[in-house]
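To start, the structure under review is shown below, and the notes come after it.
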Amino acid sequence: MGSLPRRQRVGAYAVMLRERDGRVEVLLSRLSRRVSRTELWTLPGGGLDHGEDPRTAVIREIHEETGLDATVGETAHVYSSHLPRASRDGLLVDAHAIRIVYDGWVAPNAPTPRVVEVDGSTAEAAWKPLEDVVSGTVPVAGLVTEALVDHLPFRLQRVAAYAVVRRGGDVLLTQLSTRAAHPGRWTLPGGGVDHGEHPAVALAREVEEECGLPCEVTGLVGVHDTHFFGNAPSGRIEDYHGVHLLFSATVGDGEPRVLEVDGTTEAAAWVPLHDIESGEVEVLDLVRHALGGTRD
Numbered sequence: 000m001g002s003l004p005r006r007q008r009v010g011a012y013a014v015m016l017r018e019r020d021g022r023v024e025v026l027l028s029r030l031s032r033r034v035s036r037t038e039l040w041t042l043p044g045g046g047l048d049h050g051e052d053p054r055t056a057v058i059r060e061i062h063e064e065t066g067l068d069a070t071v072g073e074t075a076h077v078y079s080s081h082l083p084r085a086s087r088d089g090l091l092v093d094a095h096a097i098r099i100v101y102d103g104w105v106a107p108n109a110p111t112p113r114v115v116e117v118d119g120s121t122a123e124a125a126w127k128p129l130e131d132v133v134s135g136t137v138p139v140a141g142l143v144t145e146a147l148v149d150h151l152p153f154r155l156q157r158v159a160a161y162a163v164v165r166r167g168g169d170v171l172l173t174q175l176s177t178r179a180a181h182p183g184r185w186t187l188p189g190g191g192v193d194h195g196e197h198p199a200v201a202l203a204r205e206v207e208e209e210c211g212l213p214c215e216v217t218g219l220v221g222v223h224d225t226h227f228f229g230n231a232p233s234g235r236i237e238d239y240h241g242v243h244l245l246f247s248a249t250v251g252d253g254e255p256r257v258l259e260v261d262g263t264t265e266a267a268a269w270v271p272l273h274d275i276e277s278g279e280v281e282v283l284d285l286v287r288h289a290l291g292g293t294r295d
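Each residue of the sequence shown is one higher than the one before, starting from 0 at the first, in numbering that gives the first Met the number 0.
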């Protein structure tokens, strides 16, 4: 018996994670019966066309298999699989698969996945709980297990400055938009400190953008931090560590109004302290920490 025909294939795929209701999910494609007779899920992606850039290919394949418009990272992991006696279209071949796997993500408000391509290798696309994939409850191809080890959620540590502004029995708060990790909740006005920017300068800028009021920062009153898994405004899931510098501040006259467009702030308002204490207004832990440390 002579040597088997050689077949080499280069494909591009993406590990796409998101957080929903406190759990991490991964986007997977179920192989059609013509590819796998038993239920088997794999990463969205597929073969490169001749001359096609891998990042272009994976974005195209994700759309064909899931109907979603994805963003992928700049770097990737490469996996090689050599199957010297593999079945391809009923024939035995010496198969070599090279898989280029990127991190990918979609917008937080992306629609439910659906297969767009007709008569392709994908029968279904869906978000699956990561714990079910890891435990084996969801049957997956070897590439999924291998790639998940290398594609953990992106780690981000962010330094931000926030203002504690009091007016009688009220405190100035902003409501998070659907682009934020905790939409609908209220927090202190403020935001990230740019590289090389003084925290007090960053805070005055952020308060004016979020509340439409000039801000004078008067002094540091405390430090707060938080650590959680969540979706960034882009949709990328992050292992997020926020370090929050809390400053006392005053603002100019007038009612607060949001100036920034398409940001993480939905509304700004003076909120009575008793509404926060009673739980009528849902706030982040940052707010309770700040008020607990700045009471008269």
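The beta carbon of each residue, even a glycine, is placed where N, CA and C say it ideally should be.
| Check | Outcome |
| --- | --- |
| Where residue 169 sits in the DSSP three-state scheme | strand |
| Cα-Cα separation between residue 147 and residue 20, rounded to whole angstroms | 21 Å |
| Start-to-end residues for the alpha helix (DSSP H) that takes in residue 315 | For residue 315 there is no data in the structure shown, the boundaries of the chain being 0 and 295. |
| Range of the contiguous beta strand (DSSP E) that encloses residue 131 | Note, residue 131: premise wrong, no beta strand (DSSP E); alpha helix (DSSP H) at 129 to 134. |
| As assigned by DSSP and simplified to three states, the class of residue 204 | helix |
| Residues bridged to residue 53 [DSSP beta-bridge criterion] | Bridge partners of residue 53: none, in fact. |
| CA-to-CA distance, residue 184 to residue 178, given in whole angstroms | 12 Å |
| Residues near residue 47 by beta carbon distance below 7 Å, same chain, minus five either side | 9, 10, 11, 53 and 56 |
| Beta bridge counterpart(s) of residue 247 as assigned by DSSP | 163 and 218 |
| Length-filtered (4 minimum) alpha helix (DSSP H) runs lying within the stretch 76 to 160 | 129 to 134 and 141 to 149 |
| Which listed residue (74, 67, 150 and 205) has its alpha carbon closest to that of residue 111 | 67 |
| Cut-off 8 Å between Cβ atoms - residues of its own chain near residue 157, not counting five sequence neighbours on either side | 191, 239, 240, 241 and 242 |
| The stretch 13 to 29 contacting the stretch 225 to 238, beta-carbon criterion three pairs below 8 Å | yes |
| Rounded Cβ spacing between residue 159 and residue 189 (contact assumed at less than 8 Å) | 6 Å |
| Local conformation of residue 0 per DSSP, three classes | Note that residue 0 scores 44 on pLDDT, short of 50, meaning its location in the model is unreliable; the coordinates nonetheless yield the value given after this. Correct three-state label for residue 0: coil. |
| First through last residue of the alpha helix (DSSP H) which encompasses residue 276 | 272 to 276 |
| When 182, 13, 180 and 172 are compared against residue 272, the one with the closest alpha-carbon | 172 |
| Cβ-Cβ separation, residue 25 to residue 308 (assumed contact under 8 Å), whole Å | Since the displayed the chain opens at 0 and closes at 295, residue 308 lies outside it and no answer follows. |
| Coarse secondary structure for residue 68, derived from DSSP in three states | coil |
| Alpha-carbon spacing of residue 130 relative to residue 106, whole angstroms | 22 Å |
| Whole-angstrom C-beta distance between residue 28 and residue 41, which should lie under 8 Å | 6 Å |
| With 16 other Cβ atoms within 10 Å as the buried cut-off, status of residue 194 | exposed |
| Closest residue to residue 141 among 96, 161 and 151 (Cα-Cα distance) | 96 |
| 9 Å Cβ cutoff, residue 82 in contact with chain D | The structure shown contains no chain D; it holds only a single protein chain. |
| Of the listed residues 269, 288 and 7, nearest to residue 92 (C-alpha basis) | 7 |
| Identified DSSP bridge partners for residue 236 | 230 |
| Continuous beta strand (DSSP E) stretch holding residue 10: start and end | 5 to 19 |
| Where residue 59 sits in the DSSP three-state scheme | helix |
| Minimum C-alpha distance to residue 269 - residue among 263, 252, 259 and 143 | 252 |
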